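All residue numbers for the sequence shown refer to the numbering used here, where the first residue is 11 and numbers rise by one.
From the three backbone atoms N, C-alpha and C, an ideal C-beta is built for every residue, glycine too.
Please read these numbers as outputs of a predicted model, since none were measured by experiment.
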Amino acid sequence: MQKYSGFDLLKHSLSHHENWQRVWRSPTPKKSYDVIIVGGGGHGLATAYYLAKVHNITNVAVIEKGYLGGGNTARNTTIVRSNYLWDEAALLYEHALKLWEGLSQDLNYNVMFSQRGVLNLGHTLQDMRDIRRRVNANLLNGIDSEELDTQGVQEIVPIMDCSPNARYPILGASWQPRAGVARHDAVAWGYARAADAMGVDLIQQCEVDGFVMEDGAAVGVNTRQHGVIRAGRIGCVVAGNSGVLAGLAGFRLPLESHPLQALVSEPLRPVLDTVVMSNQVHGYISQSDKGDLVIGAGIDGYNGYGQRGSYPTIEHTLQAIVEMFPVFSRVRMNRQWGGIVDTCPDACPIISATPVENLFFNCGWGTGGFKATPGSGHVFAATLAQGEAHELAKPFSMFRFHDGALIDEHGAAGVAH
């Protein structure tokens with residue numbers, strides 16, 4: 011793998027950047043692999059990378075029905091934070107955040123991780139009680155978190171309406187300074203490039219339409235383009251399509267798939283240098299490095315696989331943003347899109363073995379999967395390598411819904427993120 015550097019950038023500029031090394035190969039699949047990862051998004055590519063780097067398992071294939079990073083990785087709003095309430099979730103997301111902090115150096119690829127902080131606003135006395143509880147829980151887990159009053163919020167975001175006459179007055183917020191945003195497609199490309207350099211095969215435009223079973227164990231996948239590909243272990247990381255793949259393997263997952271919409275505006279000069287989220291008003295917003303306002307809210311209320319979303323959700327989201335930021339009332343939206351998110355009843359993921367031997371699932375991240383990408387890949391790789399759950403993954407077994415050991419993170423996951 012070619013080492014990227016400022017000197018390389020200068021050198022290749024002399025040849026009009028026409029002689030760069032190919033970022034990854036497009037190999038023909040082998041007959042069998044030690045591990046097959048179904049799903050070539052951020053989580054799947056991260057899993058393959060850590061299998062090779064940490065566990066020295068390089069006979070790995072990532073099988074993607076479209077193109078790498080073309081699913082939810084390309085359809086999210088890039089927020090990264092770890093200020094969750096319960097120990098199990100907070101420790102998992104904090105593990106991911108620590109990996110984010112060194113990810114560009116680790117991959118030798120700039121993922122544009124910007125630690126600009128995240129504000130979670132409080133508009134009612136109950137909001138502020140919940141914020142205080144979560145801040146204290148974070149501090150007990152060694153996660154940076156502060157409680158701010160109205161003046162503290164106004165100092166960080168001067169353009170927001172913090173007046174007492176607002177329809178939803180801002181009483182304060184929680185503030186995580188280490189949180190921020192990253193470039194979503196760069197994360198997928200960086201992991202893909204690094205995994206490929208260690209021998210992982212990245213198979214694009216190849217759809218898995220079944221599993222090969224022997225004596226109740228999964229021993230391979232059937233693909234439309236290349237037939238049967240055998241494997242010692244199979245990890246499925248396909249977000250909103252997880253329920254479909256589980257059905258092909260003969261069992262059900264406690265998941266629902268919903269469209270989640272987002273919008274970006276025309277580019278503006280820098281006016282917002284942090285992420286602002288409100289559960290009560292139901293919207294969140296940040297500004298990208300290109301100047302676009304990146305906006306989202308909650309999931310559409312119906313189940314489905316359509317990536318267009320609905321107009322009522324768009325209108326509701328923009329009403330929320332204008333309520334908090336009247337200054338943006340005349341900004342024009344450039345485009346809107348939807349992704350298909352897989353939501354669990356307790357708003358926490360599934361990282362787990364399944365009733366089928368050798369078959370593992372990493373899913374149920376709902377609307378907060380992007381922020382977990384490095385941590386999810388790291389613990390899922392350990393789970394696949396060892397055949398049993400990583401310590402951080404143990405609470406997220408799919409069998410918790412049978413045992414009743416749920417981890418209710420609806421409050422911390424409140425506005426889609």
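Closer than 8 Å: residue i CB and nearest the ligand PLP heavy atom
i	result
Val274	Only the bare structure without any ligand can be found here, which leaves the ligand PLP out of the picture.
Same chain, Cβ closer than 6 Å to residue i, neighbours up to 5 away in sequence not counted
i	result
Ala392	His400
His420	Ala357
Glu104	Ser92, Ile153
Tyr60	Gly387, His388, Ala391
Ala106	Ala382, Pro384, Gly385
Residue i, enclosing alpha helix (DSSP H) - first and last residue
i	result
Gln115	113-117
Ser386	383-396
Leu328	321-334
Leu20	16-23
Residue i: first and last residue of the uninterrupted beta strand (DSSP E) it sits in
i	result
Met208	No beta strand (DSSP E) contains Met208, which DSSP labels as neither H nor E.
His268	266-275
Ile169	That residue, Ile169, is in no beta strand (DSSP E); it is neither H nor E in DSSP.
Asp219	218-224
Glu156	156-159
Tyr294	293-297
Met408	Unbroken run through Met408: none, as it is neither H nor E.
Val304	303-309
Gln215	Per DSSP, Gln215 belongs to no beta strand (DSSP E) and is neither H nor E.
Ala241	237-246
Leu258	Unbroken run through Leu258 is the alpha helix (DSSP H), 252-259; no beta strand (DSSP E).
Thr38	Looking at the DSSP string, Thr38 is not in any beta strand (DSSP E), and its letter there is neither H nor E.
Leu369	369-373
Ser288	285-288
Proximity winner among the options, relative to residue i (alpha-carbon distances)
i	options	result
Asn313	Gly348, Val366, Gln161	Gly348
Gly230	Val45, Gly16, Met334	Val45
Val366	Ala196, Asp413, Ser296, Leu258	Leu258
His388	Leu78, His53, Phe17	His53
Gly253	Gly220, Gln161, Asp225, Ala272	Gly220
Ile180	Gly200, Glu157, Thr88	Glu157
Gln161	Asp154, Ser173, Ile153	Ser173
Phe380	Ile47, Gln215, Glu74, Ala84	Ala84
Val274	Leu328, Tyr321, Trp185	Leu328
Ala196	Val167, Gly80, Pro322, Arg142	Gly80
Ile360	Gly250, Met343, Tyr321, Gln290	Gly250
Asn148	Ser362, Pro168, Pro187	Pro187
Ser339	Asp171, Asn146, His268	Asp171
Val351	Ala183, Phe370, Gly311, His326	Gly311
Val145	Ile169, Ser124, Trp96, Gln164	Trp96
Gln396	Leu369, Gly376, Arg35, Asp413	Leu369
Alpha-carbon to alpha-carbon, residue j and residue i
i	j	result
Ala204	Asn130	34 Å
Gly132	Arg139	9 Å
Leu270	Ile309	5 Å
His236	Pro39	8 Å
Ser92	Ser407	20 Å
Arg240	Thr233	11 Å
Tyr119	Ala307	30 Å
Asn372	Arg193	22 Å
Val247	Met223	19 Å
Val64	Gly374	25 Å
Tyr14	Tyr201	14 Å
Phe335	Val218	45 Å
Arg262	Ala256	6 Å
Asp283	His292	20 Å
Gly175	Pro322	Here residue 175 is Asn; the residue named in the question, Gly, does not match the sequence. Going by the C-alpha atoms only, they are around 27 Å apart.
Arg32	Ala228	34 Å
Ser362	Val121	28 Å
Gly324	Ile331	Position check: residue 324 holds Ile in this sequence, whereas Gly was assumed. Those two C-alpha atoms are separated by around 11 Å.
Thr364	Trp110	29 Å
Gly316	Ser296	25 Å
Leu24	Cys216	37 Å
Gly76	Gln214	6 Å
Chain-order list of residues whose beta-carbon lies under 7 Å from that of residue i (same chain, five-residue window excluded)
i	result
Glu98	Pro405, Ile417
Ala62	Thr68, Val70, Ala205, Met208, Gly209, Val210
Ser298	Val304
Arg279	Gly301
Glu266	Asn313, Thr353
Tyr94	Ala100, Tyr103, Glu419, Ala422
Cβ-based neighbour list, residue i, same chain, cut-off 8 Å, excluding 5 preceding and 5 following
i	result
Gly355	The question names Gly, but residue 355 in the sequence shown is Pro. So the qualifying residues of the chain are Pro264, Phe411, Leu416.
Arg177	Glu333
Tyr431	Not covered by the structure: residue 431. The range shown for the chain is 11 to 427.
Gly127	Ile166, Trp185, Gln186, Pro187, Arg188, Ala189, Gly190, Thr284, Val285
Tyr43	Asn69, Val70, Ala71, Asp211, Ile239, Arg240, Ala241, Gly242
Arg345	Leu273, Val274
Gly226	Val366, Glu367
Trp30	Gln12, His22
Uninterrupted beta strand (DSSP E) stretches inside the segment 104-148 (no shorter than 3 residues):
128-132
Task: Start-end ranges of the beta strand (DSSP E) lying completely within the segment 43-79, minimum 3 residues - done: 70-73
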